[in-house]
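Chemist: For the sequence shown, my numbering begins at -10 and goes up steadily by one.
Below: one structure in structure tokens.
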Amino acid sequence: MITLYHGSYIQVGKPLVKLGRKKVDFGQGFYLTKLRQQASSWAKTIAERKGRNALPTLSIYSFDYDAVKNKDYRIKIFDSYNLEWLEYVVDCRKGGTKQTMYDIVEGGVANDNVIDTVEDYENNVITAEQALGQLKYKA
């Protein structure tokens, strides 16, 4: 079992996998992290956006990863910022079809440290090789 966190402005008792914003890094879905601080930070950001008495709220889940691996779930793990990750994120951010290939996606998201590089690649300002070179130092 592993512990996963979700940051929001409300407590989420059960993950809502069919909801969420579209055109984001790994596509529409319920985003979780192994990093408590990352979820807490995201909860603060969301609460500030909501305003009007919204409080940062951390939802905590126990997840049996081994049980999921033994089912028919389509799982993709990105171990690093590589070309496959970059193309997947850009496709998802454009609302493409790659997000439907997997049920569970694990990997780094385009946080504040990497978003400019991803957007420059997405807008053809830099090549994939240049983007990956920059991401190597920003991750």
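Ideal Cβ placement from N, Cα and C applies to all residues, glycine included.
Because the structure is a prediction, the values reported are computed rather than measured.
Return the CA-CA distance between arginine 25 and tyrosine -6, expressed in angstroms with no decimal places.
Modeler: Numbered from its first residue, the sequence shown carries residue 25 at position 36. Numbered from its first residue, the sequence shown carries residue -6 at position 5. Near 6 Å, if we compare the C-alpha coordinates of tyrosine -6 and arginine 25.
Chemist: Kindly indicate the opening and closing residues of the alpha helix (DSSP H) around serine 48.
Modeler: In the sequence shown, residue 48 corresponds to position 59, counting from 1. Careful: serine 48 lies outside any alpha helix (DSSP H), inside the beta strand (DSSP E) at 46 to 52.
Chemist: Measure the Cβ-Cβ separation of lysine 65 and methionine 90 and say whether it is below 9 Å.
Modeler: The residue you call residue 65 lines up with position 76 of the sequence shown. The residue you call residue 90 lines up with position 101 of the sequence shown. Yes, these two residues count as a Cβ contact at 9 Å.
Chemist: List the residues that DSSP assigns as beta-bridge partners of glutamate 37.
Modeler: Here residue 37 refers to the residue found at position 48 of the sequence shown. Answer is none; glutamate 37 lacks a bridge partner.
Chemist: Does serine 29 come out as helix, strand or coil in the three-state DSSP assignment?
Modeler: Counting from 1 along the sequence shown, the entry for residue 29 is found at position 40. Of the three classes helix, strand and coil, the one that applies to serine 29 here is helix, per DSSP.
Chemist: Please state the DSSP three-state secondary structure of glycine 122.
Modeler: By 1-based counting over the sequence shown, the position of residue 122 is 133. Glycine 122: helix per DSSP, three-state reduction.
Chemist: Check whether the region -4 to 6 touches the region 21 to 40, taking contact to mean three or more Cβ pairs, one atom from each stretch, closer than 8 Å.
Modeler: Yes: at least three Cβ pairs fall under 8 Å.
Chemist: Going by C-alpha to C-alpha distance, which of Glu118, Val107, Gly84 sits closest to lysine 11?
Modeler: Residue 11 sits at position 22 when you count from the first residue of the sequence shown. When each option's Cα is compared against that of lysine 11, the closest is Gly84.
Chemist: Measuring straight from C-alpha to C-alpha, what distance separates glycine 16 and phenylalanine 52?
Modeler: Reading the sequence shown from its first residue, position 27 is the one you call residue 16. Reading the sequence shown from its first residue, position 63 is the one you call residue 52. Rounded to whole angstroms, glycine 16 to phenylalanine 52 spans 21 Å at the Cα level.
Chemist: According to DSSP, is leucine -7 helix, strand or coil?
Modeler: For the purposes of this step, residue -7 is identified with residue 4 of the sequence shown, where counting begins at 1. Reduced to three states, the DSSP call for leucine -7 is strand.
Chemist: Just how far apart, CA to CA, sit lysine 7 and lysine 60?
Modeler: Within the sequence shown, the letter at position 18 stands for residue 7. Within the sequence shown, the letter at position 71 stands for residue 60. Answer to the nearest angstrom: the Cα atoms are 19 Å apart.
Chemist: How long is the line joining the alpha carbons of aspartate 55 and methionine -10, rounded to whole angstroms?
Modeler: Indexing the sequence shown from 1 puts residue 55 at position 66. Indexing the sequence shown from 1 puts residue -10 at position 1. Roughly 8 Å between the two C-alpha positions.
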